[in-house]
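J.: Numbers in the numbering used here are just positions in the sequence shown, counted from 1, shifted up by 620. Ideal Cβ placement from N, Cα and C applies to all residues, glycine included. Source: prediction; values computed, not measured.
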Amino acid sequence: MKTVSLVLGSGGARGLAHIGVIHRLEENGFVIRSIAGSSIGALIGGIHAAGNLDEYEQWVRAVTKVDIVTMLDLSWGKSGLVKGDKIINTLVKLVGEKRIEELPIQYTAVATDVRNQREIWIKSGKLFDAIRASISIPLLFTPFRKRGIDLIDGGVLNPVPVAPTIGDETDITIAVNLAGAEESPENPESADPSPAVHPSPLHEKINRFINRLQRSAAASGRDWGAYDIAMQAFEAMQSSIARQKLAAYPPDIVIEIPRNACQTLEFDRAAEMIEMGYQKAGECLAQAGRIRRM
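#1: Leaving aside the five residues before and after Glu803 along the sequence, list all residues of the same chain whose C-beta is less than 6 Å from its C-beta, in chain order.
#2: From this set, Ala881, Met893, Glu892 and Asp872, which residue's C-alpha is nearest Leu905's C-alpha?
#3: Could you check where the alpha helix (DSSP H) with Gly665 kicks off and where it finishes?
#4: Report all residues from its chain with a CB closer than 7 Å to the CB of Ile882; omit the five preceding and five following residues, and keep chain order.
#5: Please return the same chain residues whose Cβ sits closer than 6 Å to the Cβ of Phe650, not counting the five positions on each side in sequence.
#6: Enumerate in chain order the residues of its own chain whose CB-to-CB distance from Ala901 is below 6 Å, with the five nearest sequence positions on each side excluded.
#7: What's the C-alpha gap between Ile755 and Thr732?
#8: What distance in whole Å lies between the Cβ atoms of Arg681 and Gln591, which are believed to be in contact at a cut-off of 8 Å?
#9: Helix, strand or coil, according to DSSP, for Lys685 in the structure here?
#10: Out of Gln678, Asn709 and Ile794, which one is the CA nearest neighbour of Thr690?
#11: According to DSSP, which residues form a beta bridge with Asn709?
#12: Going by beta-carbon coordinates alone, are Val776 and Ala795 separated by less than 8 Å?
#13: What are the partner residues of Ile873, as DSSP defines its beta bridges?
#14: Between the alpha carbons of Glu721 and Lys766, how many angstroms are there, rounded?
#15: What does DSSP give as the partner residues of Gly752 in its beta bridges?
#16: In terms of residues, what are the limits of the alpha helix (DSSP H) holding Glu646?
#17: Quick one, which of Trp741, Phe887, Asp749 and Pro758 has its alpha-carbon nearest Pro784's?
#18: Does the Cβ-Cβ distance between Gly629 and Leu798 come in under 8 Å?
#19: Under the three-state reduction of DSSP, which class applies to Glu886: helix, strand or coil?
#20: With burial defined as no fewer than 16 other Cβ atoms inside 10 Å of the residue's Cβ, what is the status of Ala856: buried or exposed?
#21: Taking only heavy atoms of the ligand GDP into account, decide whether any of them is closer than 7 Å to the Cβ of Pro784.
#22: DSSP state of Ile757, grouped into three classes?
#23: What is the C-beta distance between Arg735 and Asp770, in whole angstroms, given that I count them as a contact (C-beta under 8 Å)?
#24: Under DSSP, the beta strand (DSSP E) around Thr732 begins and ends at which residues?
#25: Our contact map puts Leu885 next to Ile660 with C-beta atoms below 8 Å; I'd like the distance itself, whole angstroms only.
#26: Taking 8 Å as the threshold (C-beta atoms), are Phe887 and Leu714 in contact?
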């Protein structure tokens with residue numbers, strides 16, 4: 621039995637792969653004693669540390685595009701598109717209010733103090749305050765104010781936060797990087813063409829809702845195309861910083877999830893991402909085992 625410090629990286633919906641990684645580790649007899657996470661890594665890690673990963677997994681596997689739209693409480697202020705209150709309140713109802721210092725697993729959520737350009741390691745206080753701070757993707761979510769400081773996504777400065785685990789008394793450190801090298805779809809030539817889709821009344825209603833949001837955005841001077849470009853730039857920045865952080869603080873094992881596995885808000889692809897995390901973790905553990913035997 622090996623004890624593990626688990627580092628869970630940032631990367632939007634790709635972070636659902638963290639669930640599969642955790643399942644594979646536990647099946648192989650690893651005991652997770654410490655978790656450090658940025659953004660979605662802080663969310664998944666915090667829920668696991670609280671002992672509620674199974675409930676979260678059941679919920680997220682059932683999430684649809686409609687659910688995603690309904691949970692985006694728009695904020696037409698200048699600091700972000702989404703307030704994030706609906707998402708956090710949904711998770712609190714699912715998991716319950718928890719305090720970090722009372723969790724059975726040591727936990728650190730990493731956020732960014734953008735004004736002072738420094739990482740903030742949150743190791744105490746309300747779990748979902750820490751998660752809300754860490755998931756505050758610039759331009760998408762409004763910043764989270766904690767003790768007079770505006771905090772944004774931890775991935776801005778540390779997408780794979782190995783450093784908070786350096787003092788852990790565990791046997792091994794495993795990091796999950798969600799900004800891995802891109803992979804091509806398997807056998808694209810043999811893929812069947814997409815079947816014709818006949819819009820349902822519900823689908824048309826969702827489209828009308830999204831179109832209204834876009835018209836409102838245009839009326840307020842917002843450019844949704846600019847948000848897409850900004851998200852791509854953020855992803856590119858995180859990929860570069862992740863490589864630097866992993867070189868500076870090399871963990872024992874790095875599990876790489878391709879950065880093109882899915883887009884930031886594609887949480888309706890949970891089953892696919894969870895399975896990818898499970899498979900990638902298995903491959904890395906097998907490779908690590910072969911290296912140790914050599």
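T.: Result, derived from the coordinates:
#1: The residues are Pro878.
#2: Asp872
#3: Ile660 to Ala669
#4: In the sequence on display, residue 882 carries Cys and not Ile. Within the same chain, Cys882 has close Cβ partners Ala633, Arg634, Arg889 and Met893.
#5: Excluding positions up to five away in sequence, the list reads Lys622 and Val624.
#6: Val641, Arg644 and Ile875
#7: 10 Å
#8: A question about residue 591 goes unanswered here, because the residues of the chain that appear run from 621 up to 914.
#9: helix
#10: Looking at the Cα atoms, Asn709 is the closest of the given residues.
#11: Paired residue(s): none; Asn709 is not in a bridge.
#12: no
#13: Ile794.
#14: 17 Å
#15: Before going further, note that residue 752 is Arg rather than Gly in the sequence given. None, per the DSSP bridge assignment.
#16: Ala637 to Glu647
#17: Trp741
#18: yes
#19: coil
#20: exposed
#21: Here there are no bound small molecules, and the ligand GDP is not part of this structure.
#22: coil
#23: 7 Å
#24: Gln726 to Asp733
#25: With a Cβ gap of about 11 Å, Leu885 and Ile660 do not count as contacting.
#26: No, they are not a contact pair.
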